[in-house]
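The next block holds one structure in the form of structure tokens; read it before the comments.
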Amino acid sequence: METPENEIFRDSIGTINEEGKRAWVYPKKPKGAYYDYRKWVSYILLIFLFSAPFIKINGNQFLMFNVLERRFNIFGFPFWPQDFHLFVIMMIIGVVFVALFTVAFGRLFCGWICPQTIFMEMVFRRIEYWIDGDRGKQIRLNKQPWNAEKIRKRVLKWFIFAVISFLIANIFLAYLIGSDRLIRYIIDGPFSHLSTLISLLIFTAVFYFIYAWFREQVCIIACPYGRLQGALLDNKSIVVAYDHKRGEKEKGRAKFKKNEDRALSGKGDCIDCFQCVQVCPTGIDIRNGTQLECVNCTACIDACDHMMESVNLPKGLIRYASEDNINKKAKFTFSPRLKGYTAILGILTAVLIGMLFLRNDIEANVLRLPGQLYEHKEGNIISNVYTYKLVNKTNNDIANIHFKLLSHNGKIEVVSHKELTVPKRDLIEGTLFIEINQSALSGDKDRLKIGVYSDEKLIETTVTGFLGPRSYR
Ligand code: SF4
Ligand code: SF4
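Under the working numbering, the residues of the sequence shown are numbered 157 to 629, in order.
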């Protein structure tokens, strides 16, 4: 069956042409109130993004995601792999929050906060407008032969893109390995840390590829969040939407004729000027309804408002609205789905806060040395050998650490250390022996409770197994 003309847009995406090749998007430079607000939001976010790895709270980097060494700082709080359960809860909270937010406000995140949109539209695209000019000039420049002007503009643009990509890669690295280490590496000189330099250049190449060429395809093809929209949005979600009732009326959209009265003619308020299409960075026509490609960037709102003003019609033909708002003039309501997500989010957040308060300052692990049995010593003493690991999650050294058996009579002897100190935000590992009289054992596999003390203060307890002779069962 042949697709009706007004449904053809469903058969393809705006950035792929009929031969299946990339249709390059040359969006017109947005102008208007929303674009101005978005610029301010982007300045704040860019300042935050570039400064967060260099902000310290109690000596901790404000945000750090050192996956290589499995050390993380979130809002200045250090987290360790031992806090993995907290991470899992945070991730679940993140997912529920995103779902809740999307059900209510569509892709507000994509248009206003997503780093991809911020860098693409507020950094790289603006440089492109500055060098190549607006849409028309860009199209012309692309078609013109490689003359001096084109070479100059292209080389300048690509050079600036490469420099910014390198800068972003450095910031990315500061989040990954820590800003202190990054600065140290820079002072040492790049060739002293060749592997880091190679990683940095790979990141730079990836960012350059994304912003110079891949662009909106990240949102359309690669981003899983965009794909979720179909499942999360409903007819109460607020999205950037074309008011088709008003835009089309009984006789549909039509070009504007001077001095006409649209209220009498039965024509819709859409004057078919295509400004909303020309500004769209993902190359779609929002008048076809909510689409996967739409990142809710609001550029079409600004473009349409400008056109409405110039033909003396009310603004808001394209606006933030839900389907119900457009079809039934319904106001925003807190739907049962939203209530459900909010309740889950509230519970998870309460659990997380509780767990954060219960989190120990020090984490102790005492594990039997693999492959070792017990040793039978003089005076009926059974000895087991262990490795221990102490993680200090605080910003102060913890000194005078010693272990005590809490569940049995016996003694713990730490090998090679007289006095244990765990430096701040660090860990120590070592070996210890536990010796217990056979008569105090209840079987061949006892469970021991060990207390970790700093001076005389109990700071952590942990459990471990103890092997003894089978005959004592
Ligand atoms: S349709 Fe409008 S809001 Fe959506 S991406 Fe295009 S310009 Fe932005
Ligand atoms: S900018 Fe507004 S008036 Fe112009 S085509 Fe788009 S919806 Fe219609």
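Just so you know, even glycine gets a beta-carbon here, dropped at the ideal spot from N, CA and C.
Beta-carbon proximity check, residue i vs residue j, cutoff 8 Å
{"i": "V433", "j": "A455", "result": "no"}
{"i": "L604", "j": "I590", "result": "yes"}
{"i": "V396", "j": "L389", "result": "no"}
{"i": "D425", "j": "G408", "result": "no"}
{"i": "P209", "j": "Y341", "result": "no"}
{"i": "I606", "j": "D517", "result": "no"}
{"i": "I172", "j": "E449", "result": "no"}
{"i": "R515", "j": "D239", "result": "yes"}
{"i": "A368", "j": "F328", "result": "no"}
{"i": "Y364", "j": "Q294", "result": "no"}
{"i": "V279", "j": "I320", "result": "yes"}
{"i": "D344", "j": "K313", "result": "no"}
{"i": "N556", "j": "S610", "result": "yes"}
{"i": "H462", "j": "G188", "result": "yes"}
{"i": "D290", "j": "K411", "result": "no"}
{"i": "C460", "j": "Q431", "result": "yes"}
C-alpha distance - residue i paired with residue j, whole-angstrom precision
{"i": "L264", "j": "T498", "result": "18 Å"}
{"i": "F370", "j": "A378", "result": "10 Å"}
{"i": "E479", "j": "T446", "result": "9 Å"}
{"i": "T620", "j": "S572", "result": "21 Å"}
{"i": "S491", "j": "H400", "result": "24 Å"}
{"i": "F204", "j": "F233", "result": "17 Å"}
{"i": "L350", "j": "V311", "result": "28 Å"}
{"i": "Y191", "j": "F315", "result": "27 Å"}
{"i": "E406", "j": "G439", "result": "27 Å"}
{"i": "W236", "j": "F228", "result": "6 Å"}
{"i": "F261", "j": "G586", "result": "53 Å"}
{"i": "N565", "j": "E225", "result": "38 Å"}
{"i": "N303", "j": "G292", "result": "18 Å"}
{"i": "D458", "j": "L420", "result": "26 Å"}
{"i": "P380", "j": "C266", "result": "12 Å"}
{"i": "L583", "j": "F559", "result": "16 Å"}
{"i": "V578", "j": "K545", "result": "10 Å"}
{"i": "I200", "j": "Y193", "result": "11 Å"}
{"i": "R626", "j": "E569", "result": "24 Å"}
{"i": "G176", "j": "F513", "result": "55 Å"}
For residue i, the first and last residue of its enclosing beta strand (DSSP E)
{"i": "Y398", "result": "V395 to Y398"}
{"i": "D480", "result": "That residue, D480, is in no beta strand (DSSP E); its alpha helix (DSSP H) goes E479 to K484."}
{"i": "M246", "result": "Where M246 is concerned, there is no enclosing beta strand (DSSP E), although the alpha helix (DSSP H) it sits in stretches over F240 to F261."}
{"i": "A520", "result": "I518 to R524"}
{"i": "R227", "result": "R227 to I230"}
{"i": "E616", "result": "K613 to L623"}
{"i": "D602", "result": "K601 to S610"}
{"i": "L264", "result": "Premise fails: L264 lies in the alpha helix (DSSP H), L264 to W268, not in any beta strand (DSSP E)."}
{"i": "A555", "result": "I554 to L561"}
{"i": "Y386", "result": "The sequence shown places Gly at residue 386, rather than the Tyr named in the question. Unbroken run through G386 is the alpha helix (DSSP H), P380 to L388; no beta strand (DSSP E)."}
{"i": "V570", "result": "K567 to V570"}
The alpha helix (DSSP H) enclosing residue i, as first and last residue numbers
{"i": "T352", "result": "L350 to F365"}
{"i": "R194", "result": "A189 to S207"}
{"i": "N298", "result": "R291 to K299"}
{"i": "T454", "result": "Per DSSP, T454 belongs to no alpha helix (DSSP H) and is neither H nor E."}
{"i": "I327", "result": "A304 to I333"}
{"i": "M511", "result": "P492 to L514"}
{"i": "Q274", "result": "For clarity, residue 274 is Ile in the given sequence; the question names Gln instead. That run of the alpha helix (DSSP H) goes P271 to F275."}
{"i": "P186", "result": "Run containing P186: none; DSSP gives neither H nor E here."}
Close beta carbons around residue i, own chain, < 8 Å, minus the five adjacent residues each side
{"i": "I245", "result": "L504, V507, L508 and M511"}
{"i": "I248", "result": "L504"}
{"i": "R629", "result": "Bear in mind that the predicted position of R629 carries a pLDDT of just 44, short of 50, making it unreliable; the figure below should be weighed with that in mind. Counting only Cβ-Cβ distances below 8 Å, and skipping sequence neighbours, we find G599 and D600."}
{"i": "L597", "result": "I538, H564, F622, G624 and Y628"}
{"i": "Y285", "result": "K185"}
7 Å Cβ shell around residue i - same chain, five flanking residues per side excluded
{"i": "E416", "result": "none"}
{"i": "F322", "result": "T360"}
{"i": "M276", "result": "Y367 and R371"}
{"i": "Q272", "result": "V374 and C375"}
Cβ distance (whole Å) where residue i is taken to contact residue j below 8 Å
{"i": "K392", "j": "T258", "result": "With 8 Å as the limit, K392 and T258 do not qualify as a contact, their Cβ atoms being about 12 Å apart."}
{"i": "C375", "j": "V254", "result": "Incorrect: roughly 15 Å between the Cβ atoms, too far for contact."}
{"i": "Y542", "j": "L529", "result": "Not really, about 13 Å apart at Cβ, beyond 8 Å."}
{"i": "I211", "j": "F218", "result": "4 Å"}
{"i": "I442", "j": "I482", "result": "Not quite, the Cβ-Cβ distance comes to about 12 Å (not below 8 Å), so this is no contact."}
{"i": "V522", "j": "T618", "result": "6 Å"}
{"i": "V252", "j": "I500", "result": "5 Å"}
{"i": "K309", "j": "Q300", "result": "Incorrect: roughly 10 Å between the Cβ atoms, too far for contact."}
{"i": "A387", "j": "L356", "result": "With a Cβ gap of about 37 Å, A387 and L356 do not count as contacting."}
heavy atom of ligand 3 below 7 Å from residue i C-beta
{"i": "Y191", "result": "Absence of ligand 3 from the depicted structure is noted, with ligand 1 and ligand 2 being the only ligands included."}
Chain C within 8 Å of residue i, Cβ atoms only
{"i": "N556", "result": "Given the protein chain composition of this structure (a single chain), no chain C is represented."}
Contacts around residue i, its chain only, beta-carbon distance under 6 Å, and the 5 residues preceding and following it disregarded
{"i": "I622", "result": "According to the sequence as given, residue 622 is Phe; it is not Ile. Excluding positions up to five away in sequence, the list reads N540, D602 and L604."}
{"i": "N551", "result": "N214, G215 and K580"}
{"i": "E519", "result": "Q238 and V547"}
{"i": "L469", "result": "D425"}
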